[in-house]
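Residues in the sequence shown are numbered from 1 upward in steps of one, following full-length UniProt numbering.
Beneath this line is the structure, given in structure tokens, with notes to follow.
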Amino acid sequence: MSLAYDVLPVTLVTGFLGSGKSTLIADALTGERARDTAVLVNEFGAVGLDHLLMGEVGPQTVLLDNGCLCCAMRGEMKEALAMLFSRRARGETPPFSRVIVETTGLATPAPIIATLLGDAVLASHYTLAATLTVVDAVNARTQRAAHPEWLAQVSAADRFLVTKTDLADAAGVEALIGELQALNPAAQVHLRDAQAPHAQLEDVLGAPVADPLQAAMHAASRVGGATRALRLAGVVRAESAESPEANPEANPTAHEAELARIEAFCARFDEPLDWAVFTLWLTMLLNRHGERILRVKGVLALEGSDLPVVLHAVHHLVHPVLHLDAWPDAERSTRLVFITDGLSQDAIMASYRRFHAHLHHADVPT
1 MSLAYDVLPV TLVTGFLGSG KSTLIADALT GERARDTAVL VNEFGAVGLD
51 HLLMGEVGPQ TVLLDNGCLC CAMRGEMKEA LAMLFSRRAR GETPPFSRVI
101 VETTGLATPA PIIATLLGDA VLASHYTLAA TLTVVDAVNA RTQRAAHPEW
151 LAQVSAADRF LVTKTDLADA AGVEALIGEL QALNPAAQVH LRDAQAPHAQ
201 LEDVLGAPVA DPLQAAMHAA SRVGGATRAL RLAGVVRAES AESPEANPEA
251 NPTAHEAELA RIEAFCARFD EPLDWAVFTL WLTMLLNRHG ERILRVKGVL
301 ALEGSDLPVV LHAVHHLVHP VLHLDAWPDA ERSTRLVFIT DGLSQDAIMA
351 SYRRFHAHLH HADVPT
């Protein structure tokens, strides 16, 4: 068997929470191309829903849902990739010729890239074809200021996809492009066209590379650039024998300390929601605490409707809801995954109960 078939290209898709990674991958997996692609989806915490909202992507999809892929989950990623290749070789899964790995929005890509390049087992079966960083045109400045991971994701890219350009002003988008090019001049910049979202997917996600060695050398340079960015941001220590550049499995850094502040939880509502009441509460919640609400995403069961809608919000911005033609699984109730920074599940749910009680003139415990 030739090298082209033995070594499969991997596209690493990274980007901060709510930037549009899952939407991009879901669009890429429509039609015939889905049959040729295996996907690893990583979600922060054990309450992930993104894999359900991607639709029918087949048995090649693997969910890593126990933590941040850049940290402890790298071991699970290695096992998942090895398992996928073994199942493919035994004919236990439909054949695929490429792999997409989606990181959680809190991931720093450099250790992931180092694992893909440095692990002998993985390197014998996979080659890193591209690192795509998805950048949110609306929230990029806020995310850069508050989260060093944003800079690490930008530094690790060899391609950018700027999303939500239709929601941002043209001058702001141009300024963001200039900032990305200044931070990482070697990376290509693509804009997501909201009117034709499928048109550029193959260019952005990348075709298999003709020269795996060249791709590996380029990827190695991304590791160094991303780690230097983290060092400048104070996330990793200065170079030493124990630094992440020397040893990707080194001691925990400030990144792990930041993750300790981040909470992921699933809010469940057994009864269908009153859309007007719920949206008014959510609007007020985001208006007051938007800076600490990194992402809200989930499926809603609404009064008067048998079908669900998908809700997605990032900081203060709520995106237009998506109406689904069917429920993604057997459960028919509302599930909302919150990822917050210093805002607890108890506080959010107490807020909803108080608001609901006030509107309905009922007393409920807080």
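Every residue gets a Cβ at the ideal spot worked out from N, C-alpha and C, and that includes glycine.
- Simplified DSSP assignment, three categories, for residue 358: Position 358 of the sequence shown, counted from the start, is the residue given in the question as residue 358. Here residue 358 sits in helix by DSSP.
- Rounded separation between residue 89 and residue 313 - CA only: Along the sequence shown, one-based indexing puts residue 89 at 89. Along the sequence shown, one-based indexing puts residue 313 at 313. Between residue 89 and residue 313, the C-alpha separation is close to 41 Å.
- Query: Could you check where the alpha helix (DSSP H) with residue 125 kicks off and where it finishes?
  - Reply: By 1-based counting over the sequence shown, the position of residue 125 is 125. Element bounds for residue 125: 120-125.
- Query: Would residue 348 pass as a contact of residue 276 if the rule is Cβ separation under 9 Å?
  - Reply: Along the sequence shown, one-based indexing puts residue 348 at 348. Along the sequence shown, one-based indexing puts residue 276 at 276. No, Cβ-Cβ distance for residue 348 and residue 276 is not below 9 Å.
- Thinking C-beta only, is residue 9 closer than 9 Å to residue 151? Numbered from 1 along the sequence shown, position 151 holds the residue referred to as residue 151. Numbered from 1 along the sequence shown, position 9 holds the residue referred to as residue 9. It is not a contact, given that the beta carbons lie outside the stated cut-off.
- Hey, how far is the Cα of residue 24 from the Cα of residue 99? Locating residue 24 in the sequence shown gives position 24, counting from the first residue. Locating residue 99 in the sequence shown gives position 99, counting from the first residue. Answer to the nearest angstrom: the Cα atoms are 14 Å apart.
- Straight-line gap, residue 332 to residue 300 (C-alpha atoms, nearest Å): Position 332 of the sequence shown, counted from the first residue, corresponds to residue 332. Position 300 of the sequence shown, counted from the first residue, corresponds to residue 300. Per the coordinates, the alpha-carbon of residue 332 lies some 9 Å from the alpha-carbon of residue 300.
- Whose C-beta lies closer than 6 Å to the C-beta of residue 164 among residues of the same chain, with five residues either side of it excluded? Taking the first residue of the sequence shown as position 1, residue 164 is located at position 164. Hits under 6 Å: 136, 137, 138.
- Query: So the beta strand (DSSP E) residue 106 belongs to, where does it begin and stop?
  - Reply: Taking the first residue of the sequence shown as position 1, residue 106 is located at position 106. Unbroken run through residue 106: none, as it is neither H nor E.
- Are the segment 315-322 and the segment 284-295 in contact at 8 Å, needing three or more beta carbon pairs? yes
- With distances taken between CB atoms, is the gap from residue 18 to residue 161 smaller than 9 Å? Position 18 of the sequence shown, counted from the start, is the residue given in the question as residue 18. Position 161 of the sequence shown, counted from the start, is the residue given in the question as residue 161. In this structure, residue 161 does not lie closer than 9 Å to residue 18 by Cβ.
- Query: With burial defined as no fewer than 16 other Cβ atoms inside 10 Å of the residue's Cβ, what is the status of residue 37: buried or exposed?
  - Reply: Here residue 37 is taken as the residue at index 37 of the sequence shown, counted from 1. Its Cβ being crowded by 16 or more others within 10 Å, residue 37 is buried.
- In angstroms with no decimal places, state the Cα-to-Cα distance between residue 372 and residue 176. Absent from the model: residue 372. The displayed extent of the chain is 1 to 366, so no value can be given.
- Item | Among 146, 82, 269, nearest to residue 356 - alpha-carbon criterion | Here residue 356 corresponds to residue number 356 of the sequence shown, with the count starting at 1. Proximity to residue 356 across 146, 82, 269 peaks at 269, based on C-alpha coordinates.
- To the nearest angstrom, how far is it from the Cα of residue 284 to the Cα of residue 264? Within the sequence shown, numbered from 1, the residue matching residue 284 stands at position 284. Within the sequence shown, numbered from 1, the residue matching residue 264 stands at position 264. Whole-angstrom Cα-Cα distance: 20 Å.
- Would you mind reading off the limits of the alpha helix (DSSP H) that contains residue 313? Counting from 1 along the sequence shown, the entry for residue 313 is found at position 313. Here residue 313 belongs to no alpha helix (DSSP H); instead the beta strand (DSSP E) covers 309-314.
- Item | Pairwise C-alpha distance: residue 11 and residue 296 | Here residue 296 refers to the residue found at position 296 of the sequence shown. Here residue 11 refers to the residue found at position 11 of the sequence shown. Cα to Cα, the separation comes out at about 26 Å.
- Going by beta carbon distance, what residues of the same chain come within less than 8 Å of residue 346, once the five residues before and after it are set aside? Position 346 of the sequence shown, counted from the start, is the residue given in the question as residue 346. Contacts found: none.
- Query: What span of residues does the alpha helix (DSSP H) with residue 162 cover, start to end?
  - Reply: For the purposes of this step, residue 162 is taken as the residue at position 162 of the sequence shown. Residue 162 -> not in any alpha helix (DSSP H); beta strand (DSSP E) instead, spanning 159-163.
- Output the distance between the C-alpha atoms of residue 262 and residue 108, rounded to the nearest integer angstrom. Start at 1 with the first residue of the sequence shown, and residue 262 comes out as number 262. Start at 1 with the first residue of the sequence shown, and residue 108 comes out as number 108. Distance between the alpha carbons of residue 262 and residue 108: 15 Å.
- Can you name the residues that DSSP bridges to residue 273? For the purposes of this step, residue 273 is taken as the residue at position 273 of the sequence shown. The partner list for residue 273 (beta bridge, DSSP) reads 302.
- Separation of residue 91 from residue 168, as counted between CA atoms: Stepping through the sequence shown from its first residue, residue 168 is reached at position 168. Stepping through the sequence shown from its first residue, residue 91 is reached at position 91. Spanning the two alpha carbons is a distance of roughly 47 Å.
- Item | Same chain only: Cβ atoms within 6 Å of residue 173, ignoring 5 sequence neighbours per side | To locate residue 173, count along the sequence shown from 1; it is residue 173. Around residue 173, the same chain offers 137, 165 as residues with beta carbons nearer than 6 Å, after the five sequence neighbours per side are excluded.
- Query: When you compare each of 282, 124, 94 to residue 338 by their alpha carbons, which one comes out closest?
  - Reply: Residue numbering aside, residue 338 sits at position 338 when the sequence shown is read from its first letter. Of the candidates 282, 124, 94, the one whose C-alpha sits nearest the C-alpha of residue 338 is 282.
- Message: Given this structure, state the Cα-to-Cα distance separating residue 387 from residue 321, to the nearest angstrom.
- Response: Residue 387 lies beyond the residue range present for the chain, which begins at 1 and ends at 366; the question has no answer from this structure.
- Query: If we count the other Cβ atoms within 10 Å of its Cβ and call it buried at 16 or more, is residue 22 buried or exposed?
  - Reply: Stepping through the sequence shown from its first residue, residue 22 is reached at position 22. Buried is the call here.
- Query: Under the criterion of a Cβ to heavy atom distance below 8 Å, does residue 79 qualify as lining the ligand PLP?
  - Reply: Looking at this structure, you won't find the ligand PLP or any other ligand, since it has none at all.
- Task: To the nearest angstrom, report how far apart residue 7 and residue 326 are at their CA atoms.
- Result: On the sequence shown, residue 7 is found 7 positions in, with the first residue counted as 1. On the sequence shown, residue 326 is found 326 positions in, with the first residue counted as 1. For the pair residue 7 and residue 326, the Cα-to-Cα distance works out to about 37 Å.
- For residue 92, the three-state DSSP class (helix, strand or coil): Start at 1 with the first residue of the sequence shown, and residue 92 comes out as number 92. Residue 92: coil per DSSP, three-state reduction.
- Cβ-Cβ distance between residue 147 and residue 106 below 9 Å: Residue mapping note: residue 147 aligns to position 147 of the sequence shown, counting from 1. Residue mapping note: residue 106 aligns to position 106 of the sequence shown, counting from 1. Cβ atoms of residue 147 and residue 106: closer than 9 Å.
- In the DSSP assignment, what are the bridge partners of residue 297? Translated into the one-based positions of the sequence shown, residue 297 becomes position 297. Beta-bridge pairing links residue 297 to 312, 337.
- Proximity to residue 305 [Cα-Cα], best of 294, 274, 122: Your numbering for residue 305 matches position 305 in the sequence shown. Per the Cα distances, 274.
- Task: Specify, as a first and last residue, the run of the alpha helix (DSSP H) that residue 176 falls within.
- Result: Working through the sequence shown from its first residue, we reach residue 176 at position 176. Run containing residue 176: 170-183, per the alpha helix (DSSP H) assignment.
- Task: Within 10 angstroms of the Cβ of residue 125, are there 16 or more other Cβ atoms? Answer buried if so, exposed if not.
- Result: Looking up residue 125 in the sequence shown gives position 125. By the neighbour-count rule (16 or more Cβ atoms within 10 Å), residue 125 is buried.
- Query: How close, in whole Å, do the beta carbons of residue 141 and residue 187 come, if the pair is a contact with beta carbons under 8 Å?
  - Reply: For this step, residue 141 is matched to residue 141 along the sequence shown. For this step, residue 187 is matched to residue 187 along the sequence shown. Rounded, the Cβ-Cβ distance is 19 Å, inconsistent with contact.
- Are the beta-carbon atoms of residue 102 and residue 39 separated by less than 9 Å? If you number the sequence shown from 1, residue 102 lands on position 102. If you number the sequence shown from 1, residue 39 lands on position 39. Cβ distance < 9 Å, so residue 102 and residue 39 count as in contact.
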